[in-house]
Structures are given as C-alpha cells and as structure tokens.
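These notes are about the structure you will find just below.
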Amino acid sequence: MEYNFKEIEKRWHQYWIDNKTYKVKEDKSKPKYYVLDMFPYPSGAGLHVGHPLGYIASDIYSRYKRLKGFNVLHPMGYDAYGLPAEQYAIQTGQHPAITTAQNINRYREQLDKIGFSYDWSREIQTCDPRYYKWTQWAFIQMFNSYYCYDENQARPIAELIAAFEQVGTEGLNIACSEELQFSAADWKSYTEKQKQEILLNYRIAYRSETTVNWCQALGTVLANDEVINGLSERGGYPVEQRLMRQWSLRVSAYAQRLLEGLDKIDWSDSIKETQRNWIGRSEGAEMKFKVKDSDVEFEIFTTRADTIFGVTFMVLAPESEYVPQVTTAEQKAEIEKYLDATKRRTERDRLMDKKISGVFTGSYAINPLNGKEIPIWVSDYVLAGYGTGAIMAVPGHDSRDYAFAKHFDLPIIPLIEGCDVSEESFDAKEGIMMNSGFLDGLTVKEAIEKTKEYVRENKLGRVKVNYRLRDAIFSRQRYWGEPFPVYYKEGLPYMLPLDKLPLELPEVDKYLPTESGEPPLGRATKWAWDEANEKVVDTAKVDHKTIFPLELNTMPGFAGSSAYYLHYMDPYNDQELVSKEKDEYWRNVDLYIGGTEHATGHLIYSRFWDKFLFDIGVSCEDEPFKKLINQGMIQGRSSLVYRINGTNTFVSYNLKDEYETSEIHVDVNIVHNDVLDIDRFKAWRPEYETAEFILEDGKYVCGWNIEKMGKRYHNVVNPDDVAEKYGADTLRMYEMFLGPLEQSKPWDMNGIDGVHRFLRKVWSLFYKGEEFVVIDEEPTKEELKSLHKLIKKVSADIESFSFNTSVSAFMICVNELTSLKCSKKAILKELITLLAPFAPFVSEELWSALGNTTSVCDAQWPTFNEEYLAEDSFKYGVAFNGKVRFELDFSADAVQADVEKAVLSHELAQKWLDGKTPKKVIFVPKKMINVVL
Numbered sequence: 001m002e003y004n005f006k007e008i009e010k011r012w013h014q015y016w017i018d019n020k021t022y023k024v025k026e027d028k029s030k031p032k033y034y035v036l037d038m039f040p041y042p043s044g045a046g047l048h049v050g051h052p053l054g055y056i057a058s059d060i061y062s063r064y065k066r067l068k069g070f071n072v073l074h075p076m077g078y079d080a081y082g083l084p085a086e087q088y089a090i091q092t093g094q095h096p097a098i099t100t101a102q103n104i105n106r107y108r109e110q111l112d113k114i115g116f117s118y119d120w121s122r123e124i125q126t127c128d129p130r131y132y133k134w135t136q137w138a139f140i141q142m143f144n145s146y147y148c149y150d151e152n153q154a155r156p157i158a159e160l161i162a163a164f165e166q167v168g169t170e171g172l173n174i175a176c177s178e179e180l181q182f183s184a185a186d187w188k189s190y191t192e193k194q195k196q197e198i199l200l201n202y203r204i205a206y207r208s209e210t211t212v213n214w215c216q217a218l219g220t221v222l223a224n225d226e227v228i229n230g231l232s233e234r235g236g237y238p239v240e241q242r243l244m245r246q247w248s249l250r251v252s253a254y255a256q257r258l259l260e261g262l263d264k265i266d267w268s269d270s271i272k273e274t275q276r277n278w279i280g281r282s283e284g285a286e287m288k289f290k291v292k293d294s295d296v297e298f299e300i301f302t303t304r305a306d307t308i309f310g311v312t313f314m315v316l317a318p319e320s321e322y323v324p325q326v327t328t329a330e331q332k333a334e335i336e337k338y339l340d341a342t343k344r345r346t347e348r349d350r351l352m353d354k355k356i357s358g359v360f361t362g363s364y365a366i367n368p369l370n371g372k373e374i375p376i377w378v379s380d381y382v383l384a385g386y387g388t389g390a391i392m393a394v395p396g397h398d399s400r401d402y403a404f405a406k407h408f409d410l411p412i413i414p415l416i417e418g419c420d421v422s423e424e425s426f427d428a429k430e431g432i433m434m435n436s437g438f439l440d441g442l443t444v445k446e447a448i449e450k451t452k453e454y455v456r457e458n459k460l461g462r463v464k465v466n467y468r469l470r471d472a473i474f475s476r477q478r479y480w481g482e483p484f485p486v487y488y489k490e491g492l493p494y495m496l497p498l499d500k501l502p503l504e505l506p507e508v509d510k511y512l513p514t515e516s517g518e519p520p521l522g523r524a525t526k527w528a529w530d531e532a533n534e535k536v537v538d539t540a541k542v543d544h545k546t547i548f549p550l551e552l553n554t555m556p557g558f559a560g561s562s563a564y565y566l567h568y569m570d571p572y573n574d575q576e577l578v579s580k581e582k583d584e585y586w587r588n589v590d591l592y593i594g595g596t597e598h599a600t601g602h603l604i605y606s607r608f609w610d611k612f613l614f615d616i617g618v619s620c621e622d623e624p625f626k627k628l629i630n631q632g633m634i635q636g637r638s639s640l641v642y643r644i645n646g647t648n649t650f651v652s653y654n655l656k657d658e659y660e661t662s663e664i665h666v667d668v669n670i671v672h673n674d675v676l677d678i679d680r681f682k683a684w685r686p687e688y689e690t691a692e693f694i695l696e697d698g699k700y701v702c703g704w705n706i707e708k709m710g711k712r713y714h715n716v717v718n719p720d721d722v723a724e725k726y727g728a729d730t731l732r733m734y735e736m737f738l739g740p741l742e743q744s745k746p747w748d749m750n751g752i753d754g755v756h757r758f759l760r761k762v763w764s765l766f767y768k769g770e771e772f773v774v775i776d777e778e779p780t781k782e783e784l785k786s787l788h789k790l791i792k793k794v795s796a797d798i799e800s801f802s803f804n805t806s807v808s809a810f811m812i813c814v815n816e817l818t819s820l821k822c823s824k825k826a827i828l829k830e831l832i833t834l835l836a837p838f839a840p841f842v843s844e845e846l847w848s849a850l851g852n853t854t855s856v857c858d859a860q861w862p863t864f865n866e867e868y869l870a871e872d873s874f875k876y877g878v879a880f881n882g883k884v885r886f887e888l889d890f891s892a893d894a895v896q897a898d899v900e901k902a903v904l905s906h907e908l909a910q911k912w913l914d915g916k917t918p919k920k921v922i923f924v925p926k927k928m929i930n931v932v933l
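Residue 886 in full-length UniProt numbering sits at position 886 of the sequence shown, with consecutive numbering throughout.
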C-alpha cells in the first residue's frame, strides 16, 4: 500500500470536521491549557511558507498538551480591519468587507490544508459587529473611568464627580492630562459643559489636542510602526507631525503596573528589556524656569538635578506650546521655517537621527538656583511627549547636549572631577562634584539628593517619577475600522447607551476623505444619533437639540486585537465579553506565540487593556499572556540567473566569471536543487521565450542569496505548492527542521526531500507493498531502548520548543527501528503517538491501521522508562601510560578486579606490557582503565 498523502490528508481533514475533533468545552475534570497565536491580518497575497512557522509550533504544543491529558483551548481568528483593504477599496471601489471576506476564505483554506487543530467554532473576526460590540463596550467603560494612584486601579468616573462635589481637587492623587486646581464650590458653579470638559482631563478614554503622524495622501493618522523614514509603510507617502484633536487612551497611568507585571511573566529577557525601555521609568525632579522679562514660566524634568549648575542653554521641543510665547520678533521667521521642516519628521526619525539642528528663540530663562541667564533654543532632539517637552541642557554631562553645544559654540561646564566631557556615557559617571560651590566635594549620589531636597524646601519644583510611555492615540481617519459609540452635543462627546451596541459602520459612496477634509464617515448619509429615540438616523436631520452628529473617526487596528483572547473563551456570549465562569476556568493565555515586531505595540496595549478589564472585574488575571515565545523569520532563498550583457543568453553559475553578466532574480518555483527548469523559465516571461543558455554538465545551475521573502525577489514559496508536491505533514516537519524556532533561517527546498523520505520510511514500518506487517509480539530490548530514547528526547524538546532537534530524533529512531526490522505493535503505537503533533495526517492514518477507532488526538502521551536505557555492557578504553591503545567490552556490573585481570591477560595487552609489571592500575567505572608502567 503506497503512502498516498493527498488521499490521506483529504480524508482525515474531513474526519476532523465531521467528528468535531478540535471542538473544546470547559471540563473541570482536566487541567486547562490555553495556546494562542497572534491575530493574523488576512492579506490578499495569502500565506507564504514563512507565515505558518509560529502556527505549526503552537499546533505541535497544543496537540502535545492534549495527549498529556490537558483540556486545550487553541482558537484562531482574524484581525480584519486595516489600511490594505481600505486602500484596495479606494482603488477599485469595492467594499472592503468583500475583499476582507475573500482574503479570510483564502487564509482559512490554506490553514486547513496544513492541518491545524484550531477550534474553528470559536473564530473571531474583528470586523464582525457581534465582536466589535465588545470593543465599543470596553471603550465606553474606559470613558466612564478614571485612574486613582492611591488605590492603584481604574475607578468609576461617578466616584470622581462625587469627590469634586465634596472637596474639589484637594488631596486627590489621580492620573490627568493637566494638573487642575479647583474647590468644591468652584465645581458646583461650573456649567454642565465646563464639567464635561474638565472630566475629559481625567477619563481613561479622553479627547484632546495631540501631535500625530499625519499622512495627507492616505488621509489618516498613522501609528509609529506604520511610518518608516518619514514615509508611510503603505504606499511610501510623506508623513508629517500635526496637532489634531484625537481620542487617546491613558496608557501612561498604568506605566508602573506594566513595569512590575514583567516580573510575573515568562517572557524572553530581550522582550522584557524592550518593554522596560519603552516604558522608560526615571526618577528625578521637575523644576520651574522663568523666562527673562516675561510672565512665562515653564517646567523641565531631569534625572540629574545636581547638574543644574552646568546648564548653559535650554531646549524646547518644536511642538511645545511655549515656543510661540518665547520667540522674539527677530527670530520668528527662522523659527517658523524650522517648525515647518520638523513637521515632516516622525519622533522615531528624530530620535535615531544624529544630525544636529536647532534655532535660537531670542529669549533667555533664569536658572532658579544661581540666577544666571540661559539662552532658550528649539531643537527636534527634544520630544514633546517625554517629560515636559523642555530640557535644561547640560553639555558637560549629556552626549546630545554636548554635540549641540559644540555645533552651535555654546559654553560647556564640566561638573564632575576627572570626567572627559567628550565621552558618550556622561550619566554613568561617578565621582566628586565641582564648579558649583553648592555641591563641591559631594559624590554624585549625595549631590542629587541634596539638590532634590533644596528644590523641595524652596518650592522650586518637586521630586517626581517620570515615564517615557505615552498615551495611545486611538483615532484613525479611516472608513474600515470599528466605529466609536460616540455622539456630540455642544462639541462634547457623549456615549451611546450600552444596550444599543453595536453601532455598525454605515455605507458611504467613497472611501476617501470628504472634499472638506473630514474622514470618510463624513460621507455617510445616515450617520446621526437620535437621542430621544435612541437610534441612528439620517445625517440631514441633525438639529443639535435631539439629533446629534456621530463621531467620524474610527478606532485603530489594535482596538480589536487587544482583548480578543478573552472573547475566545466565550465566543457565543452576546451579553458579556466573557462570563465570569468561563474566564475563571481559562483564566489567561498559557502560551502565546508571535513576532518580536509587536513588542512595543500590541503587547503593551494588550497588557494595558487587560489590566483595565481586571480593575473593573471582567478579567480575573492582570496579565494576559503567561508565557511568550517569539518565532524567528523564515527568509527567502532567492535564485539568480546570469545574463550576458547585451544579449538574451544566460550562463550557468560556475561559468559566469568568464563573461560580463548581470544577475536577475528568478521565480524560485521554477528552480529545483539550484537547477533551472529551462522550459518553465522561457514560459515565465515573454522576453525570455527566445533565451539561449550556456550550460555546465547539461544543466543550468543558478546562484542564490538569502533575503527577505517577498514578491520583488521572486522568492515567495506558497505553502499550497509545497503541500501539493510533498504533503502537509512534510511541510510541517520541514519548517520545524529548518532550525531553532526563535531564530531566523532561510527557506531552502534542497532539504525537503529528506523529510519526505523519512515519512515514507515511517510508512514502510507498517506496510511492505500492499501487506500490513505489524505484529503483536513482545518488543526486544533494542527496540524498547530506541523507543524510550525517543520518548525522552521528544518530550524534553517539545517542552523547550526545540522542535528541530525533535525531527532529528525521529529520523534516528526510525532508522534504528528499520535496521532492527521492527514491526511490533507495542513499539509502533507509541511511535505514532509521539509523531502525531508533528505529522497529524499520516499519524491518524497509521493509528487507524493499528485498529484504533478513535482519533490519535485522544491517545495518551507515552511514559518514559529509564530502565530501558540501562546498558548491559560498556566499552572500556584500555590505556597504557595515558594513551588509549584498544577497547574491550565488559558487563555493566563488572568490578575493578575482574576488569583488571581480563585486561592484563588479554593478548592485545602483551605488546604494551612488554614483560613489565604495572606500577598501578587506574580504574574509571564504565569508561576506561589506565595501566601505569
């Protein structure tokens, strides 16, 4: 019977569907285990072989945990909103819902072919109103909450209103955008509009003026990771910094909890460090500087208050509200020119750029400790979002300040004895302070504390903990996104009633901004809220009395992907995001697999979102993902052909140096083992139809490069093509065989034949031709030893995610069993159970052939027995004066006297003894014996 993988894979895929093999329910009799893949975005191009790498790993682990007796939740869905679908809609006029559905169907078809154990009954699509209802619900909860630092959690906004009515802002320790002070009497005197404006200063979901990455060509705000070198990742359009009124989420309020939570979770040190740097906790002092001959006063934050005596200039961020206030008439034109240029650069560009630029405002600040005048500059190396958007520049002890001072010939005052101010790591310098008078002779730590105390006592500022983490901008000027459940009265936001969710996307005639510059939802003819009747009505009916305009922005991509893991626990629930019962059973994700590119985006936002839901009693865990594994990237192995310049003749790789040639990327799908299929190459493109070839040994050998997998390099390998030729089981095992999961590695088809031959070898243990040869006989010691070596190795490898070495172990074991002519059911049954997570299709087929009537998924993971690895005998190295001369076998229980006697009397020993009597014999049990002459 032949190994017909196409027939086998088709049959067992249908079996899994018909028998709902992967459908999971809560089962308190079993321990739970929740395995999750990062939400994929279904692109029109479909999957290439790099995409399934993490999915295969999570699937192996899910199947393994199920075989170990766990109740495994392993769901899948789609992050279905985003720019690509919207841009395609703009170009073609086709509704993005149509292309998204087509892309999802394509992804689902490809995923099914690879044999993943997903419980598809729990599928989530973020563009489904039944799902984004809960994103809208969460947003409303955030709008109706504030963050209390004393209780270290989100609290209902109603409690804050009650506090304002009783004590105003006195004694409140709460997160805010701007520190306000008012009494209870003041609060009671405010109008309803004034109160709502004040509350926006404290809400966790709030609306304010924010600097954003604005892309005019795309008509929308972009996230930092959607901008590369000042251009949009999608389309390569210019991006500029613009101040806009936007919705934001007060992620910064959770900064300390986000830091502390990293100590509770099993993530890689590199990802944790990335998040710690992104959150950027620093302790220091916030001090006030007055502007000379002005009422203007601004604050700066510094971690090194002791260096205030080394301040020689101040720097404002270009976006700072103080820039126009301190710019003199003489400097106005130059400042405006500089600000205009800065708009075209993102914060990331500014941080990474080493070029020095800046403009003097014409004004001076007064040093609060020594009264000296300090020039105020504007430079893009200062960011508005960190600290106060203003710095005191100490070029004697900061590398960027030093470079700026040198460039503009500003004074530099060294403050630490023996410190070379041209060095990079100024802040790390210890030593004795000097040149201040006030701090002379103190160590750095002593000077910092003394300065802080002085600032506090003289009310020059305050000691403060600062974070680099900024609030998340939550508005996008797009059509294809979750609508905000928000309408506006007197320009202020109000939330829709919870029982009227979801607010669904309206139809629009185009997916572009309106002619007046409003977002695409401004084109909707039915996009107004009838407050009295609680329903969406025609936009033309807006009267600002009972019918009000709805929000025109939509939510960003991370909105739907921040808490999707919770709804997977309870996907049929239309009353709650997740019920208490199911949340307390599944709790949180035990294993999360995805790419490192989400370290400072999705993984920060998800952790924030979960902590908020924990605060309001929805999530029972304040960390969403217990263990995180980042899979590496599968790179493309590009194939190259060499055209002789000025001709249509191509020369084989090893002959190319004899000619002047140009290398051309060629479709890797028409190359096999680096040999070009010439007929397919001629048919690939019209210009190659008449191509001629200079061959070597009758073949055209291609060159190759390792590059990112992509269309431009013609190195995209479709997993469907691999599965069609070799089978999905081969694809799964080969992706794991390529190298360690967490490392990037090239895709190379040259090794896939070996994996496919391995599976055929497994098949041949069961079948010889058409005959099923498995027998019910007791295994031999050698067979049991080979099996239990495999059990031990594969069990340890899966737990450590070393799947590549597992594949090697399978190959070794199958080779050994083949050599032993093993056909024992007791051995092969366990072998197939071990293989099932890696190659589920062929494992199901052979499991069934063994007479089992249920799926191999319901088998039990084999138990390792150390006794089977015990050796009956050991090979001893026999050495004379330390040099091994030959080897002899002895039983495992041989004692020194017996071994010594046998060695000295052996005929091979006589040559080296040469009639001499040994001075001593050194015995190392089960390893060697050394005769010293």
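Every residue, glycine too, gets a C-beta built ideally from N, C-alpha and C.
Inter-residue distance for LYS288 and ILE391 is about 11 Å (C-alpha atoms, whole angstroms).
Per DSSP, the continuous beta strand (DSSP E) segment holding SER638 begins and ends at 634 to 644. The beta carbon of SER475 is closer than 7 Å to those of VAL221, GLN246, TRP247, ASN553 in its chain, skipping five residues each way along the sequence. Shown here, HIS74 sits in coil according to DSSP, grouped into three states, outside any helix or strand. Judged by DSSP in its simplified three-state form, PHE548 adopts strand. Distances from the alpha-carbon of ASP914 to those of PHE880, SER891, VAL884 put PHE880 closest. Taking C-beta separations shorter than 6 Å and ignoring five residues to either side along the sequence, the partners of VAL671 in its chain run SER639, CYS702, following chain order.
If you look at GLY727, you'll find it isn't in any beta strand (DSSP E); DSSP assigns it neither H nor E. Counting along the chain, the unbroken beta strand (DSSP E) around ASN705 starts and ends at 703 to 707.
Less than 9 Å divides the Cβ of LYS582 from the Cβ of ASP570.
Residue burial is scored here from C-beta neighbours: ILE922 has fewer than 16 other C-beta atoms within 10 angstroms and is therefore classed as exposed. In the DSSP assignment, the residues bridged to ASN930 are ALA879, ILE922. The Cβ neighbour count for VAL668, taken over all protein chains shown within 10 Å, is at least 16; the residue is labelled buried.
If you draw a straight line from the Cα of HIS397 to the Cα of THR443, it is about 15 Å long. With fewer than 16 other Cβ atoms from the protein chains shown falling within 10 Å of its own Cβ, GLU507 counts as exposed. For ARG242 and THR211, the gap between their C-alpha atoms comes out near 5 Å. In the DSSP annotation of this structure, ASN630 is not part of any alpha helix (DSSP H); the continuous beta strand (DSSP E) holding it starts and ends at 628 to 630. Under the three-state reduction of DSSP output, CYS822 falls in the coil class, being neither helix nor strand. A straight-line Cα-Cα distance of about 24 Å links VAL807 and ILE706.
In the displayed model, CYS127 falls within coil according to three-state DSSP, outside both helix and strand. When only Cα atoms are considered, LEU577 and LYS133 end up about 9 Å apart.
Straight-line measurement puts the Cα of ALA205 at about 6 Å from the Cα of ARG250.
In the three-state reduction of the DSSP assignment, CYS857 falls in the helix class. The beta carbon of LEU83 sits closer than 6 Å to those of ARG234, all from its chain and outside the five residues before and after it, given in chain order.
Taking a contact as a CB-CB distance under 8 Å, the pair SER561 and THR126 counts as one, their CB atoms being some 7 Å apart. Shown here, GLY594 sits in a strand according to DSSP, grouped into three states. Of the residues assessed, VAL755 falls on the buried side of the cut-off, its CB having 16 or more other CB atoms within 10 angstroms. Taking the Cα positions, GLU273 is about 26 Å away from GLY230. Comparing alpha carbon positions, the residue from ASN277, ASN865, ASN673 closest to ILE604 is ASN277. Contact check for LEU759 against THR730 passes: the beta carbons are separated by less than 9 Å. Runs of the beta strand (DSSP E) spanning 3 or more residues and lying entirely within the segment 49 to 118 occur at 71 to 73, in chain order. As DSSP reads the structure, ILE228 sits in a beta bridge with LEU231.
Pairing PHE625 with TRP267 gives a Cβ-Cβ distance under 9 Å. The DSSP-derived three-state label of ASP893 is coil. Counting the other Cβ atoms within 10 Å of the Cβ of PHE116 gives 16 or more, which makes it buried. GLN14 carries a helical assignment under DSSP once its states are collapsed to helix, strand and coil.
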